[in-house]
Amino acid sequence: MYQFIQNWKNVAGDGNCGFRVVSNFLFGDENHWVEIRRRMIFDLRHHMRVYEQLFRSVERVTELIMQTNWEDGSAPRGYWINTPDHLYVITNTFNLCVLIDGCPLPPLHVQWEYHRDKRFSGWKCIHHRDILCNNVATCNL
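Just so we're aligned, residue 30 is where the sequence shown starts under the numbering used here, counting upward by one.
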């Protein structure tokens, strides 16, 4: 596994660490954690109905907005990234693929090449390459 690790960074463990990891992945440093939170809140509010259907309640979407809304330094436990719901919002907000250890991305169906639109002929290679390159974020839950 070590041969596939290109680099690593130990971000500050101040309760904003999950947002710092996303910041480091997107911007190359951990200092944009407030912007990460703000963009997630914007996405949750802007796509409220979609998230309401996904999470099956407006209360859960409101709770996620409240848990993400923190900008005052070290974050108490209630403001940490601590559920798969947060990861879903991150992937949607920043158009990322997040792989959770132990849950590999499934391979494309064998019939893909025969039934795909010609415009997507290169996707099979991209699909497998991105799993091994830096276009994918991984995490442990």
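Every residue, glycine too, gets a C-beta built ideally from N, C-alpha and C.
In the DSSP assignment, find the alpha helix (DSSP H) that holds residue i and state where it starts and stops.
{"i": "D72", "result": "W62 to H75"}
With DSSP run on the structure shown, which of helix, strand or coil describes residue i?
{"i": "L125", "result": "coil"}
{"i": "P105", "result": "coil"}
{"i": "V40", "result": "coil"}
{"i": "R85", "result": "coil"}
{"i": "I119", "result": "helix"}
{"i": "D58", "result": "coil"}
{"i": "N111", "result": "coil"}
{"i": "E100", "result": "coil"}
{"i": "N53", "result": "helix"}
{"i": "C46", "result": "helix"}
Tell whether a beta-carbon distance below 9 Å holds between residue i and residue j.
{"i": "N45", "j": "S86", "result": "no"}
{"i": "I94", "j": "L116", "result": "no"}
{"i": "R66", "j": "F123", "result": "no"}
{"i": "W37", "j": "F48", "result": "no"}
{"i": "N121", "j": "Y108", "result": "no"}
{"i": "F71", "j": "D114", "result": "no"}
Could you tell me which of the options sits nearest to residue i, measuring between CA atoms?
{"i": "E100", "options": "D72, E81, E64 and N53", "result": "E64"}
Looking at residue i and the ligand ADP, is the gap between the Cβ and the nearest heavy atom below 8 Å?
{"i": "S52", "result": "For the ligand ADP, the structure offers nothing, since it holds no ligand at all."}
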